[in-house]
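Colleague: Residue 480 is where the sequence shown ends in the numbering used here, and the numbering goes up by one at each step.
We put the CB at the ideal spot given by N, CA and C, even for glycine.
Keep in mind the model is a prediction, meaning the values are calculated, not measured.
A single structure is presented below for examination.
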Amino acid sequence: MRSNSRKPHVLFFPFMAHGHMIPTLDMAKLFSNRGAKSTIITTPLNSKILQKPIDTFRNLNPNLEIEIKIFDFPCVQLGLPEGCENPDFFSMNNSEDRQYMSLKFFSSTRFFKDQLENLLETTRPDCLIADMFFPWATESAEKFNVPRLVFHGKGYFALSSEYCIRLHKPQKRVASSCEPFVIPDLPGNIVITQDQILDRDEKTEMGKFMTEIKESEVKSSGVIVNSFYELEPDYADFYKSNVAKRTWHIGPLSVINRGFEEKAGRGKKASIDENECLKWLDSMKPNSVIYISFGSLACIKNEQLMEIALGLEASGASFIWVVRKNAGDEEEWLPEGMEERTSGKGMIIRGWAPQVLILDHQATGGFLTHCGWNSLLEGVAAGLPMVTWPVGAEQFYNEKLVTQVLKTGVSVGAKRHVKVMEDFISREKVEKAVREVLVGEEAEERRRRAEKLAEMAKAAVEEGGSSFNDLNRFIEEFSS
């Protein structure tokens with residue numbers, strides 16, 4: 001990383017949710033691979049999630065430096081339930097007001113400010129890469145002349161879409177919330193509706209918080225993006241020209257995990273034996289299995305799960321379906337006898353799955369996804385066509401990238417952001433989308449495009465690739 005012997009030191013501060021911690025861990029491993037000392041800041045309970053993959057990485061790379069720094073997070077003192085160190089807590093336990101809990105959780109993270117400033121003062125790292133949800137980190141880093149970089153956990157397409165909508169407010173000029181409009185200024189004539197975006201009132205507490213995040217980004221030293229140039233070149237150029245001129249793309253981060261142990265160890269412990277899962281996939285024909293997962297936070301109601309189950313069964317496809325249910329839920333969502341009827345061609349995993357291992361297997365031929373950015377990138381790196389079923393956050397933007405720009409996916413037909421109203425997708429739509437992504441001439445064309453993107457993704461992180469070179473530029477600037 002440098003010509004001299006001192007290793008640059010990079011502090012990583014992810015938001016305490018799986019979708020933020022996992023890519024940040026991958027990023028820390030990537031920096032360590034390139035000669036930096038990486039320190040990941042987290043809380044006591046979340047450290048248990050990160051420690052095993054870090055130990056695996058150290059065992060495979062004994063000369064590289066990566067460590068965890070634990071910050072106190074006294075939940076009860078901060079007005080949160082005991083042990084609430086991760087949004088999984090209130091998502092899993094059906095809080096009556098998740099919006100309130102989310103805001104409470106975000107605001108409680110300001111408790112880290114003094115601890116972060118003490119760490120910055122004593123260690124004087126070369127830079128701090130902190131999550132977007134810690135807007136106060138820019139000011140803290142500035143006190144000690146430490147560059148603060150923002151990590152959004154989104155791609156250029158979503159970031160650019162959000163910018164254009166925030167700037168032009170086209171959703172204010174439509175007759176109804178379901179009327180389609182083209183996102184102004186954004187390349188590609190991308191069509192969306194008001195129901196599909198997070199149109200926050202800037203006067204609400206959450207709106208004020210998002211404004212604070214944007215203001216913090218402007219004052220920061222730049223933005224790190226988990227993407228690669230070839231995936232979204234027009235939007236990378238747009239974002240760098242119009243929003244954040246100091247931007248580095250270093251993804252897809254998930255491909256840092258090359259072996260079985262590293263792929264299996266991402267996130268929580270799998271709810272199924274990884275070898276058993278792979279053995280089952282080995283018995284299937286290439287590109288015959290659809291993998292279904294809605295990520296780490298989305299909770300799908302029983303009625304909708306029933307429709308998914310019936311649609312899957314009607315499609316006749318082999319499948320692996322990850323179902324994330326709330327503690328104590330009865331299995332009223334599963335059609336009677338379905339597991340017996342689909343025995344041998346269907347697998348239901350209740351809990352956490354070894355997702356990257358499954359996606360990378362040759363038997364997996366499609367991915368039904370909620371369009372979270374981490375999942376989408378993992379699907380891209382695996383060369384898979386997708387069935388898109390966005391739920392919340394920036395996921396409808398990600399769907400537009402897959403279906404309108406890359407043309408590697410089929411929409412299941414979701415119309416509304418969860419903050420507007422929960423959608424209900426019929427079994428017929430599920431069946432149709434699964435068939436479309438797995439079978440037929442158009443499916444083969446989508447697969448060819450997806451496989452080409454996977455080749456580009458792998459080339460981007462190899463020596464001389466776009467992400468490899470961008471990381472080099474970052475390293476040279478912030479370790480000089």
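1) Checking 9 Å against the spacing of the C-beta atoms, do tyrosine 235 and leucine 312 come in under that value?
2) Below 6 Å CB to CB, which residues in the same chain sit around lysine 69 once its five sequence neighbours on both sides are set aside?
3) Just verifying my parser: in three-state terms, what is the DSSP assignment at phenylalanine 13?
4) Rank Val323, Leu310, Ile290, Met306 by C-alpha distance to the C-alpha of cysteine 299 and give the top, closest one.
5) What runs of the beta strand (DSSP E), each 3 residues or longer, lie entirely inside the stretch 105-168?
6) Mind checking who phenylalanine 387 pairs with in its DSSP beta bridge?
7) Helix, strand or coil: how does DSSP classify alanine 327 here?
8) Tell me whether the beta-carbon of threonine 193 lies closer than 9 Å to the beta-carbon of lysine 37.
9) Drop a sphere of 10 angstroms on the beta-carbon of methionine 1, count the other beta-carbons inside from all chains shown, and report buried for 16 or more, exposed for fewer.
10) Below 8 Å, can you find three or more Cβ-Cβ pairs linking the stretch 368-382 to the stretch 450-458?
11) Are there 16 or more other CB atoms within 10 angstroms of the CB of asparagine 398, so buried, or fewer, so exposed?
12) Name, in chain order, the residues that DSSP records as bridge partners for arginine 350.
13) Within a Cβ cutoff of 6 Å, which residues of the same chain sit near proline 170, ignoring the five residues on either side of it in sequence?
14) If I follow the unbroken alpha helix (DSSP H) through lysine 214, where does it start and stop?
15) What do you reckon, are the CB atoms on glycine 155 and leucine 384 nearer than 9 Å?
16) Would you please state the rounded distance, in angstroms, between the beta carbons of serine 288 and glycine 365? I believe it to be under 8 Å.
17) Provide the residue span of the beta strand (DSSP E) that contains threonine 247, from first to last.
18) Between leucine 231 and leucine 453, how many whole angstroms is the CB-CB distance? I'm expecting something under 8 Å.
19) Taking phenylalanine 133 and phenylalanine 15 to be in contact with their CB atoms under 8 Å, please state how far apart those CB atoms are, rounded to whole angstroms.
20) For the beta strand (DSSP E) that contains valine 289, what are its first and last residues?
21) Return the chain-ordered ranges of every alpha helix (DSSP H) run that is complete within the stretch 402-475 and spans a minimum of 4 residues.
22) Taking the beta carbon of phenylalanine 424 as the centre, do at least 16 other beta carbons fall within 10 Å, making it buried, or is it exposed?
23) Go through its chain and collect everything with a Cβ distance to arginine 246's Cβ below 8 Å, but skip five positions before and after it.
24) Could you compute how far the alpha carbon of alanine 450 sits from the alpha carbon of threonine 403?
25) Please go through the same chain and pick out, in chain order, the residues whose beta-carbon is closer than 8 Å to the beta-carbon of leucine 120, but skip the five residues on each side of it.
26) Please look up how many angstroms separate the CB atoms of lysine 7 and glutamate 65, rounded, as I've assumed it's under 8 Å.
27) From what residue to what residue does the alpha helix (DSSP H) around glutamate 276 run?
28) Is the stretch 302-322 close to the stretch 338-353, with three or more CB pairs under 8 Å?
29) Could you check which residue in Val191, Ile197, His9, Glu212 has the C-alpha nearest to that of lysine 203?
30) Return the first residue and the last residue of the beta strand (DSSP E) that isoleucine 224 is part of.
31) Among all the DSSP beta bridges, which residues are the ones paired with isoleucine 41?
32) Please identify the residue among Glu332, Lys214, Pro286 whose C-alpha is closest to the C-alpha of phenylalanine 319.
33) Between the beta-carbon of glutamine 99 and the beta-carbon of histidine 417, is there less than 9 Å?
34) Would a C-beta distance cut-off of 9 Å place asparagine 242 and serine 161 closer than the cut-off?
35) Pull up the DSSP beta-bridge partners for valine 182, would you.
36) Looking only at its chain, what residues have a beta carbon closer than 6 Å to the beta carbon of methionine 284, apart from the 5 residues adjacent to it on each side?
Modeller: With the structure as the only source:
1) no
2) Thr39, Ile41
3) strand
4) Val323
5) 127-131, 148-151
6) For the record, residue 387 in the displayed sequence is valine; it is not phenylalanine. Beta-bridge pairing links valine 387 to Leu368, Val410.
7) Low confidence applies to alanine 327: its pLDDT is 47, below 50, so where it sits in the model is not reliable, and the reading given next is rough at best. Coil, per DSSP.
8) no
9) The predicted position of methionine 1 is uncertain, since its pLDDT is 42 and thus under 50; a value taken from the coordinates is nonetheless stated next. By the neighbour-count rule (16 or more Cβ atoms within 10 Å), methionine 1 is buried.
10) yes
11) buried
12) Val323
13) Phe181, Pro184
14) 205-219
15) no
16) 6 Å
17) 247-249
18) 7 Å
19) 4 Å
20) 289-293
21) 427-438, 441-461
22) exposed
23) Ser221, Gly222, Val223
24) 12 Å
25) Leu11, Leu128, Ser140, Ala141, Lys143, Phe144, Val146
26) 7 Å
27) 274-282
28) yes
29) Glu212
30) 222-225
31) Lys69
32) Pro286
33) no
34) no
35) Val191
36) Ser318, Ala363
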